[in-house]
Amino acid sequence: MRISRTKRRVFKAVLFVMLCSFLEILSFGAFRLREGRWYSWSTAAQIRNSAGSSSTKLSLPVDTSATGAVHPYVGCVMPPNWEPNKMNMTWGEELTNHPCDGFPSFRPVVQKRSPNTVIIGLFGGSVAEIFYYQGIPVLLEKLKEDPKYRGREFVVVCLATGGFKQPQQLMALNYLLVQGGELDVLINVDGFKEVAFHASGNQKQGVFPIYPRSWAARVGQIRDPHVLKLYGQAAILESDLRENGEFFSSVPMYYSPTCHLLWRATNQSLIRRLQAAKVAIENDHERDVLDRPGFGYHPSSEEEVYEELVGIWESSSRLIGELCAANAIQYYHFLQPNQYVEGSKPMGDDELQIAFREDHPYREGVTRGYPLLRQAGERLALSGENFTDLTDAFRETQESVYIDDCCHFSDLGNRILAERIAEAILKSPN
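In my numbering, the protein residues as written are 7 to 436.
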């Protein structure tokens with residue numbers, strides 16, 4: 007008996023639907039195994055958003071993302087046409103319609119105190135900047151438990167910027183205050199970039215440690231066509247990463263666990279290629295860079311370098327504390343976690359593949375610098391500073407937290423960070 011063409015088409019369509027359903031069920035289970043929680047549209051979107059917020063900040067010697075306008079007082083800021091990537095935001099979308107003043111803040115950074123508001127300023131590098139996008143709602147919910155904050159509106163401004171390291175946070179505070187800006191609370195999350203960036207960037211060009219990251223490439227003239235080509239490749243890959251996340255966050259891919267797994271595979275491939283471009287740039291010793299202020303630093307030993315780096319970090323924090331005390335600002339300082347601090351987090355195979363590289367150029371800086379940072383942090387705490395060492399923040403967390411092999415966290419990581427920061431603030435006698 008011959009089957010009609012219509013029935014054959016219906017049969018093929020049913021088989022196709024069954025196959026797609028089977029793949030979705032498998033992907034649903036794979037997500038559970040990989041992430042330690044059940045799949046939901048919002049959870050998958052948060053993972054993509056977290057990856058997107060860090061994937062374009064992989065610390066290239068010349069930042070080909072938005073953080074690139076040279077600034078006379080803080081080193082570098084967002085260009086005038088900057089707008090936040092709303093894919094990465096969990097709050098604040100209604101607050102972003104204001105002229106960019108150089109910092110990735112949903113509100114203008116210059117604010118005035120009032121009895122009904124609590125003005126919080128967030129300072130640091132890219133980890134603090136991403137925390138501003140994703141961790142602030144959790145932090146504010148916790149702070150509302152304190153009677154002194156109850157019934158008051160929180161106004162949170164962000165002076166944290168990807169790539170910042172001390173004394174840029176100190177300079178940013180001075181820049182804010184000289185314009186008449188006021189804060190009630192200052193939260194500074196830093197430490198990693200202060201010790202990790204120098205060896206793979208400024209040190210190779212003999213730049214003094216106090217200068218901003220990648221100073222030679224920011225202010226010099228790059229004439230080597232090969233290096234310019236690498237910068238171009240990196241810029242294209244950064245664009246591809248953003249477009250990849252936007253594509254898989256659109257309908258109908260947004261609803262599919264299978265499409266989410268496809269996004270993860272393509273995203274990791276792009277990140278590896280971008281990381282390779284970055285390493286190629288950092289290892290290129292033949293580029294011709296001219297007009298480079300701040301050059302001529304040649305320490306006698308590695309120990310001298312890290313003592314200098316940590317000394318800058320410690321003295322900058324002390325000065326921030328003095329400025330805050332003089333301006334009635336409560337100062338809270340946090341040493342950020344990092345995966346290269348030995349024993350700081352249990353990691354499964356999936357997270358190790360994403361977040362850990364034996365030969366990562368930042369690993370040595372963390373290994374050598376973090377013990378000194380922690381010692382300096384103890385001195386800061388003994389002197390009366392509200393300092394908290396968060397290197398153990400993920401020590402009991404079995405789920406994946408790190409989303410790249412640099413330093414950045416997932417939505418879960420930012421929630422844990424928010425809880426620890428809130429705990430430290432609420433315990434403070436101030």
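For each residue, glycine too, the CB sits at the ideal point set by N, CA and C.
Can you list, in chain order, the residues of its chain whose CB lies under 6 Å from that of residue i, leaving out five sequence neighbours each side?
i	result
F415	V407
V184	none
L176	S322, L325 and I326
S111	V163 and C164
Y79	M177 and Y181
G199	Just to set this straight, residue 199 is Lys in the shown sequence, not Gly. Answer for K199: G131 and K171, listed in chain order.
A134	L128, A166 and V195
R119	E188
N436	Q336
Less than 7 Å between C-beta atoms, sequence neighbours within five positions excluded: which residues of the same chain meet that for residue i?
i	result
T62	Bear in mind that the predicted position of T62 carries a pLDDT of just 44, short of 50, making it too unreliable to give a figure here.
T73	Here the model assigns T73 a pLDDT of 46, short of 50, so the residue's position is not dependable and the matter cannot be decided.
A75	C82, V83, M84 and P85
L145	A424, I427 and A428
E370	A205
R158	N122, T123 and V124
Go through its chain and collect everything with a Cβ distance to residue i's Cβ below 8 Å, but skip five positions before and after it.
i	result
V161	R113, Q117, T123, V124, I125 and I126
P231	none
H291	Bear in mind that the predicted position of H291 carries a pLDDT of just 46, short of 50, making it unreliable; the figure below should be weighed with that in mind. Closer than 8 Å at Cβ, skipping near neighbours: K210.
L432	K148, L149, E151 and D152
Y155	V124 and L149
Q4	With the chain running from 7 to 436 in the structure shown, residue 4 is simply not present.
P305	V311 and E314
R11	none
In the DSSP output, which residue or residues are listed as bridge partners for residue i?
i	result
I142	Paired residue(s): none; I142 is not in a bridge.
Q404	DSSP output for Q404 lists no bridge partner at all.
R75	Looking at the sequence provided, one finds Ala at residue 75 rather than Arg. V83, per the DSSP bridge assignment.
C164	L128
Y338	I193 and N392
E159	T123
F137	None; F137 has no bridge partner.
F109	According to DSSP, F109 bridges with nothing at all.
F253	Beta-bridge pairing links F253 to no other residue.
F415	Y408
Under 6 Å: does the beta carbon of residue i sit that close to some heavy atom of the ligand GTP?
i	result
E370	With respect to small molecules bound, the structure shown includes none, and the ligand GTP cannot be examined in it.
Give me the Cβ distance between residue i and residue j, rounded to the nearest whole Å; I'm assuming they're in contact under 8 Å.
i	j	result
A382	V311	Incorrect: roughly 15 Å between the Cβ atoms, too far for contact.
S206	P343	Going by Cβ atoms, the distance from S206 to P343 rounds to 20 Å, so no, they are not a contact pair.
D410	I277	6 Å
R374	E308	7 Å
N420	F203	N420 to F203, Cβ: 22 Å. No contact.
I216	I318	6 Å
N273	Y338	N273 to Y338, Cβ: 34 Å. No contact.
L438	L379	Outside the displayed span of the chain (7 to 436) sits residue 438, for which this structure offers no information.
T403	A430	T403 to A430, Cβ: 18 Å. No contact.
L386	L179	At roughly 16 Å, the Cβ-Cβ gap does not stay under 8 Å, so L386 and L179 are not in contact.
V115	V372	About 30 Å separates the two Cβ atoms, so there is no contact after all.
Practice item. Taking 8 Å as the threshold, find out whether the region 209 to 220 comes into contact with the region 363 to 371 through three or more Cβ pairs. Key: no
Point to revise | Segment contact, 8 Å Cβ cut-off, at least three pairs: the region 115 to 130 with the region 163 to 172 | key: Taking a cut-off of 8 Å on C-beta distances, the region 115 to 130 touches the region 163 to 172, as three or more cross pairs fall below it.
Check your understanding: Are the region 334 to 351 and the region 391 to 398 in contact at 8 Å, needing three or more beta carbon pairs?
Key -> yes
Exercise for review: Entirely within the region 169 to 208 and at least 4 residues each: give me those alpha helix (DSSP H) ranges in chain order.
Suggested key: 174 to 184 and 198 to 206
Review point. Quick check: the region 333 to 341 against the region 186 to 195, are there 3 or more CB pairs under 8 Å?
Key: yes
Check your understanding: Where are the alpha helix (DSSP H) runs, 4 residues long or more, that stay fully inside the region 329 to 377, in chain order?
Key -> 355 to 361
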